[in-house]
Amino acid sequence: MREELLSIIEKNSRIDLKELAIRLGKEEIDVVNELQKLEDERIICGYHTLVNWEKTSIEKVTALIEVKVTPQRGQGFDRIASRIYNYPEVRDVYLISGGFDLLVTLEEKSLKDIARFVSEKLSTLDSILSTATHFILKKYKDHGTVIDEHIKDEREVVSL
Amino acid sequence: MNIPLNETILNIKPSGIRKFFDLVSEMDNVISLGVGEPDFDTPWHIRDEGIYALERGKTFYTSNSGLKELRQEICNYQKRTQGIEYNPLNEVLVTVGGSEAIDIGLRTMLNAGDEVIIPQPAYVSYEPCTLLAGGKSVIINLKSENDFRLTPNELLNAITSKTKVLILAYPNNPTGAIMEKEDLEKIAQICINKNIYVMSDEIYSALTYKGEHISIASLPQMKERTILINGFSKAYAMTGWRLGYACGPSDIIKQMTKIHQFAIMCAPTTSQYAAIEALKNGDEDVKTMREAYNQRRRFLMNSFKEMNIKCFEPYGAFYVFPCIKEFGFSSEEFATKLLEEEHVAVVPGSAFGQSGEGFLRISYAYSIENLKEAIIRLKRFIEKLRNLQR
Chain A
5 MREELLSIIE
15 KNSRIDLKEL
25 AIRLGKEEID
35 VVNELQKLED
45 ERIICGYHTL
55 VNWEKTSIEK
65 VTALIEVKVT
75 PQRGQGFDRI
85 ASRIYNYPEV
95 RDVYLISGGF
105 DLLVTLEEKS
115 LKDIARFVSE
125 KLSTLDSILS
135 TATHFILKKY
145 KDHGTVIDEH
155 IKDEREVVSL
Chain B
15 MNIPLNETIL
25 NIKPSGIRKF
35 FDLVSEMDNV
45 ISLGVGEPDF
55 DTPWHIRDEG
65 IYALERGKTF
75 YTSNSGLKEL
85 RQEICNYQKR
95 TQGIEYNPLN
105 EVLVTVGGSE
115 AIDIGLRTML
125 NAGDEVIIPQ
135 PAYVSYEPCT
145 LLAGGKSVII
155 NLKSENDFRL
165 TPNELLNAIT
175 SKTKVLILAY
185 PNNPTGAIME
195 KEDLEKIAQI
205 CINKNIYVMS
215 DEIYSALTYK
225 GEHISIASLP
235 QMKERTILIN
245 GFSKAYAMTG
255 WRLGYACGPS
265 DIIKQMTKIH
275 QFAIMCAPTT
285 SQYAAIEALK
295 NGDEDVKTMR
305 EAYNQRRRFL
315 MNSFKEMNIK
325 CFEPYGAFYV
335 FPCIKEFGFS
345 SEEFATKLLE
355 EEHVAVVPGS
365 AFGQSGEGFL
375 RISYAYSIEN
385 LKEAIIRLKR
395 FIEKLRNLQR
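Respectively, the protein sequence lines represent chains A and B. Each residue of the first sequence is one higher than the one before, starting from 5 at the first, in this note's numbering. Each residue of the second sequence is one higher than the one before, starting from 15 at the first, in this note's numbering.
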């Protein structure tokens, strides 16, 4: 049940328990227990909402920052990563293979805020060698969801 | 003026589904549970392969029986899912959907007056195709108490000295019924003893919810007397690509290829390239779609249970077939009332043969949100009917 359960709630974490149990063909109590276990094991790490901020009046700027760092003896990239992800304005931090080491995404109210974060906080950290900041101009798809998709049933009438 | 019209064709009744949906198209705010095709788009990697074929200029006819690589992949698929070994050179024909294979298969096998046994409720094309091929349909009215499976006795009672072909369509449209190995073994034995050929329409084979589908052609001595029909429409959500196939004894496939060659030439080339990709790398997509269908199936079965409506549990395709006899209407009356009063479209079971009378075909090739709204309306409708009965 675990895999199927996860794949349902990854798409819709607001689904009610009764419906979830029916769709999985399980008892509600078993689903509740399984969810609890998944949370305890930190397999489920949170329940979030995908927001299209562009449609609101709230200004948001998102940047992807490529970061090159010097790994530290005994701790590899973990220590510098934690120094970065502890800033609340940092949304994601990934260790990446290829031309740079860490990919950091940042969400702020304005371009200026992002510039300030990069120049004052990020690039002044000890082991940071260089950064390259990319601003997101438009989001087409996020978390597997096409942002502006209008689903329309286009099937025509056939006799079968 | 004397319009030239063939009498046999004039006498064919138009499909009951069609008639009903002409009504639907005139209404607003209709929630339909009537459509018999997947609601998913064809997986992107398959579409992409079709586009790539066009880019490379693969815009010519293929050989009459289809691309060799596709026939090989079809054989691989049958080998890995059913353990049946077909020779791609002379035992496979790629057709324009499973429906073409049904048509030309019957035309190939039947002589005037030969009898074709058709267990119903069934897909609407078997009877007219039999008629057009000069054959005679012998209908078996399957029973809900047998979960709409074909029983050995029913088959034996329908066999005469003229019986040539049995059409077996499981997983079944419209009932969602399946036949398991033990059921098929008994049917196979009779076919062997009575020298009857089987046309096994397995278009829904990828969509089963209780173990894997088993083809009658995989049973001993059955490959040589079975035309296995399958395709890409239901498994890979590829209805509009119009691609299916037939596998069977080379003597029959060879003659079918003749009709196919003169009537069709070859199946669409773009679709054939896409289908190769589907068979090679589409297993995961099928699994994902099957899981989604299964969740919806459970949701519907649970809703009928809550409404206290009789419905046997279907383990295949994407249909449920609840019984509405308690309300005292014919299926068509019930479906029409439901459409008029609650704007929910379902297909009357009687469209699939006399034995479908008293049932509805409800398709779950719809999003769960869509199904939920439809069930709310259906519940309201049924409560109203029950209150009136009291």
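Yeah, the Cβ is synthetic: ideal placement off N, Cα and C, and Gly gets one too. If you're wondering where the values come from, they're calculated on a predicted model, not measured in any experiment.
Residue i - containing alpha helix (DSSP H), residue span
| i | result |
| --- | --- |
| Pro142/B | Tyr140 to Leu146 |
| Lys195/B | Lys195 to Asn207 |
| Val161/A | From DSSP, Val161/A is part of no alpha helix (DSSP H); its letter is neither H nor E. |
| Met5/A | That residue, Met5/A, is in no alpha helix (DSSP H); it is neither H nor E in DSSP. |
| Tyr307/B | Asp297 to Met321 |
| Ala388/B | Ile382 to Gln403 |
| Phe276/B | Ser264 to Ala277 |
| Lys351/B | Ser345 to Glu356 |
| Ala172/B | Pro166 to Ala172 |
| Thr22/B | Glu21 to Leu24 |
Pairwise C-alpha distance: residue j and residue i
| i | j | result |
| --- | --- | --- |
| Arg85/B | Val152/B | 33 angstroms |
| Gly148/A | Ser11/A | 12 angstroms |
| Arg61/B | Ala288/B | 6 angstroms |
| Arg391/B | Arg256/B | 34 angstroms |
| Cys143/B | Ile132/B | 11 angstroms |
| Ser317/B | Val360/B | 16 angstroms |
| Leu68/A | Ile132/A | 16 angstroms |
| Gln92/B | Glu216/B | 11 angstroms |
| Leu146/B | Ser29/B | 15 angstroms |
| Asn167/B | Cys205/B | 13 angstroms |
| Arg95/A | Pro57/B | 31 angstroms |
| Glu38/A | Arg6/A | 8 angstroms |
| Met122/B | Arg27/A | Here residue 122/B turns out to be Thr, not Met, going by the sequence shown. Roughly 44 angstroms separates the two Cα atoms. |
| Lys393/B | Lys224/B | 28 angstroms |
| Gln76/A | Thr53/A | 36 angstroms |
| Phe373/B | Gly367/B | 11 angstroms |
| Ile100/A | Ile266/B | 58 angstroms |
| Gly50/B | Ala249/B | 13 angstroms |
| Glu40/B | Leu385/B | 21 angstroms |
| Ala251/B | Pro52/B | 6 angstroms |
| Pro234/B | Asn207/B | 13 angstroms |
| Ser285/B | Glu371/B | 37 angstroms |
| Met270/B | Phe74/B | 22 angstroms |
For residue i, the residue or residues it bridges with in DSSP
| i | result |
| --- | --- |
| Ser17/A | For Ser17/A, which the question treats as bridged, DSSP gives no partner whatsoever. |
| Asn244/B | Tyr259/B |
| Ser214/B | Leu182/B and Leu242/B |
| Arg375/B | Val361/B |
| Tyr333/B | Ser377/B |
| Asp146/A | Thr149/A |
| Thr284/B | Answer by DSSP bridge pairing: none, since Thr284/B is not bridged. |
| Thr177/B | Glu129/B |
| Thr222/B | Gly330/B |
Near the ligand GDP: residue i beta-carbon under 7 angstroms from a heavy atom
| i | result |
| --- | --- |
| Leu314/B | Questions concerning the ligand GDP fall outside what the structure shown contains, since it holds no ligand whatsoever. |
Neighbour flag for residue i against chain B, beta carbons, 8 angstroms
| i | result |
| --- | --- |
| Ile26/A | yes |
| Gly29/A | yes |
| Glu8/A | yes |
| Arg159/A | yes |
Cβ of residue i within 8 angstroms of any chain A Cβ
| i | result |
| --- | --- |
| Asn171/B | no |
| Phe366/B | no |
| Gln269/B | no |
| Glu51/B | yes |
| Gln286/B | no |
| Arg391/B | no |
| Gln309/B | yes |
| Arg312/B | yes |
| Phe35/B | yes |
| Ser39/B | yes |
| Asn43/B | no |
| Glu99/B | no |
| Asn209/B | no |
| Glu305/B | yes |
| Asn125/B | no |
| Asn160/B | no |
| Asn104/B | no |
Boundaries (first-last residue) of the beta strand (DSSP E) holding residue i
| i | result |
| --- | --- |
| Leu130/B | Inspection of the sequence shows that residue 130/B is occupied by Val rather than by Leu. Here the beta strand (DSSP E) through Val130/B covers Glu129 to Gln134. |
| Asn155/B | Lys150 to Asn155 |
At what residue ranges does the stretch 35-122 of chain B contain a whole run of the alpha helix (DSSP H), taking only runs of 4 or more? 58-69 and 82-96
What are the start and end residues of each continuous alpha helix (DSSP H) run of 4 or more residues lying completely inside the stretch 51-138 of chain A, in chain order? Runs of the alpha helix (DSSP H) lying entirely within the stretch 51-138 of chain A, each at least 4 residues long, are 82-89 and 115-120 in chain order.
Runs of 3 residues minimum, wholly inside the stretch 20-49 of chain A: which ones carry the beta strand (DSSP E) assignment? none
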